[in-house]
Amino acid sequence: MYALVDCNNFFVSCERLFRPGLRSKPVAVLSNNDGCFISRSQEVKDIGLPMGAPVFKYKQAIKANDVTLFSANFELYGDMSQRIISVLRSVTPLIEVYSIDECFVDLSQLAIDDHQTWAVAVRERIFQEVGIPVSIGIAPTKTLAKVASTASKKRGGALAIDTDDKRLELLQDLPIEDIWGVGRQLAPKLKDKGVSMALQLVNASDGWLKQQFTIVGIKMVDELRGIARLPFGDSKDTRGQIMRSRSFGHRVRAYHQLESAVSTFAAQASVKLREQNSLTHKIVVFLSTGKHAMETKHASTDVVLIEPTQDTARIITAALEGLHDIYDGDFAYMKAGVILHDLTDIESWQLSFMSNESRRDERTALMQSMDSINKQYGTVIWHASEKPIDADWHSKKKLRSPRYTCAWDELPILRG
DNA sequence: TCTGGGGTCCTAGGACCC
DNA sequence: TCTGGGGTCCTAGGACCC
Numbered sequence: 088m089y090a091l092v093d094c095n096n097f098f099v100s101c102e103r104l105f106r107p108g109l110r111s112k113p114v115a116v117l118s119n120n121d122g123c124f125i126s127r128s129q130e131v132k133d134i135g136l137p138m139g140a141p142v143f144k145y146k147q148a149i150k151a152n153d154v155t156l157f158s159a160n161f162e163l164y165g166d167m168s169q170r171i172i173s174v175l176r177s178v179t180p181l182i183e184v185y186s187i188d189e190c191f192v193d194l195s196q197l198a199i200d201d202h203q204t205w206a207v208a209v210r211e212r213i214f215q216e217v218g219i220p221v222s223i224g225i226a227p228t229k230t231l232a233k234v235a236s237t238a239s240k241k242r243g244g245a246l247a248i249d250t251d252d253k254r255l256e257l258l259q260d261l262p263i264e265d266i267w268g269v270g271r272q273l274a275p276k277l278k279d280k281g282v283s284m285a286l287q288l289v290n291a292s293d294g295w296l297k298q299q300f301t302i303v304g305i306k307m308v309d310e311l312r313g314i315a316r317l318p319f320g321d322s323k324d325t326r327g328q329i330m331r332s333r334s335f336g337h338r339v340r341a342y343h344q345l346e347s348a349v350s351t352f353a354a355q356a357s358v359k360l361r362e363q364n365s366l367t368h369k370i371v372v373f374l375s376t377g378k379h380a381m382e383t384k385h386a387s388t389d390v391v392l393i394e395p396t397q398d399t400a401r402i403i404t405a406a407l408e409g410l411h412d413i414y415d416g417d418f419a420y421m422k423a424g425v426i427l428h429d430l431t432d433i434e435s436w437q438l439s440f441m442s443n444e445s446r447r448d449e450r451t452a453l454m455q456s457m458d459s460i461n462k463q464y465g466t467v468i469w470h471a472s473e474k475p476i477d478a479d480w481h482s483k484k485k486l487r488s489p490r491y492t493c494a495w496d497e498l499p500i501l502r503g
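Just so it is clear: in the first sequence, position 304 is 391 by this note's numbering, and no numbers are missing.
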């Protein structure tokens, strides 16, 4: 069995901790530039201000209902999140931190008589020790635990799906768009086929499901049927990608402003990179007019580093080169960002670097940089031979760069 | 005028290899 | 030297999550 511990209106709850007078008053937390709602108290939900909605469109309602607004304070939320996680860790080490306000717990190693009672106790303990109200759902799969925790919000904040009857009862009342994994695209598609409730999905034939879904959807339905198909993540603290980006809140045309933003993002991203002890091999720089512009434009570029690096100065330099390549003074940008891709563990970078031999277009550059690598690592021996290739074959295969064959496996570093 | 900032996983199809 | 067809790797982009 799995538990999902889900913080109620998390950011709002954090702010209320320091402003107890705001309990039971309408409160919302806003995104960067105070652009849109990212957390709402129950009172604000009842007023009808939607999640993610732009604040300027709801000025009237905010004033009329005397809604208290906060600019987001992610340091505070991160700190409160850690406190909740440490309470859970004291119960069992088998937890998966899913997001800043959600945590899965594997209950299989715990001696629990009654799941409902356990959930109530843990919920009370978190509220006592941290002051944040949470909802706890317990079920045989992660997706069902999610269903349970959502349903628990109207039933005192703790709910265990420990019988099939309970499971079916909940699925009967669950609209498909509220299922974890059903989004904007899938929901209308399913409704067109006459499927609007989760129970219909669970009762559908395997043949029909195979027609409608890819493997992702099949797994989702299995999870709803009580068959665990999602791995219990060993809460990786090393990300596969690191992104820093920001909307400006107004249109930016001046190159120096973009330059300053991009170098800041590159620096911040490289700090994250060092914290997780990784190297980056590819840097993506992007500029965008934002998705709400009449005419949306998006420009991005990949900067591939021949030698993976962790060095802030090099990352900034490379990012600015990328910016220079894509900058087009003709239109104004609303947003900019830097993404670090192809992250490698710092201890094993030589291996992954060398074994990437199918990146043919990088080969030429690699050959040129081999000298410096030889100097740096001393023992690297390598060789490459260029095969003669006739012009016809070349154009047929649409090869843009000469073809090389390199005996990477002769590198002593791979054997070591 | 002003509409978040992160992430993950999967797939289709091209690139590449034998 | 023949230049096909199938397997595999890689990438961009989509869909989804909070």
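For each residue, glycine too, the CB sits at the ideal point set by N, CA and C.
Computed from a predicted structure; not experimentally measured.
Chain-order list of residues whose beta-carbon lies under 7 Å from that of residue i (same chain, five-residue window excluded)
i	result
residue 405	370, 390 and 392
residue 103	109, 110 and 114
residue 213	171, 174, 219 and 221
residue 361	397
residue 387	371, 372, 373 and 413
Per-residue burial, residue i [other beta carbons within 10 Å of its own, 16 or more giving buried]
i	result
residue 502	Any reading at residue 502 is ruled out, since the residue's pLDDT is 26, under 50, leaving its predicted position unreliable.
residue 292	exposed
residue 271	exposed
residue 202	buried
residue 153	exposed
residue 229	buried
residue 223	buried
residue 244	buried
residue 289	buried
residue 254	buried
residue 195	exposed
residue 358	exposed
residue 97	buried
Minimum C-alpha distance to residue i - residue among the options
i	options	result
residue 179	226, 191 and 117	191
residue 120	141, 102, 133 and 347	141
residue 266	115, 232 and 244	232
residue 241	285, 95 and 433	95
residue 114	129, 313 and 312	129
residue 162	263, 382, 431 and 101	101
residue 177	216, 147, 326 and 355	216
residue 259	238, 279 and 193	238
residue 366	274, 397, 328 and 159	397
residue 181	325, 320 and 118	320
residue 427	307, 385, 356 and 382	356
residue 99	299, 250, 112 and 295	112
residue 204	235, 246 and 164	246
residue 159	118, 150, 301 and 283	118
residue 235	264, 211 and 89	89
residue 418	382, 273, 306 and 301	382
residue 211	92, 343 and 146	92
residue 268	256, 281 and 301	301
Close beta carbons around residue i, own chain, < 8 Å, minus the five adjacent residues each side
i	result
residue 137	124
residue 352	331, 332, 333, 406, 423, 424 and 425
residue 345	339, 374, 410, 414, 420 and 423
residue 408	390
residue 148	134, 135, 136 and 154
residue 350	403, 406 and 407
C-alpha distance - residue i paired with residue j, whole-angstrom precision
i	j	result
residue 221	residue 198	22 Å
residue 132	residue 110	15 Å
residue 209	residue 219	12 Å
residue 377	residue 414	16 Å
residue 170	residue 226	24 Å
residue 402	residue 348	14 Å
residue 188	residue 122	21 Å
residue 311	residue 341	52 Å
residue 126	residue 166	17 Å
residue 434	residue 364	9 Å
residue 184	residue 206	18 Å
residue 315	residue 309	7 Å
residue 380	residue 337	12 Å
residue 354	residue 317	35 Å
residue 324	residue 303	24 Å
residue 285	residue 262	6 Å
residue 295	residue 329	39 Å
residue 251	residue 431	45 Å
residue 327	residue 372	17 Å
residue 279	residue 384	32 Å
residue 335	residue 146	21 Å
Own chain partners of residue i with C-beta closer than 6 Å, once the 5 adjacent residues on each side are dropped
i	result
residue 368	392, 395 and 429
residue 157	102 and 116
residue 168	187
heavy atom of the ligand HEM below 7 Å from residue i C-beta
i	result
residue 367	By its list of ligands, the structure shown contains no ligand whatsoever, and the ligand HEM lies outside what it can speak to.
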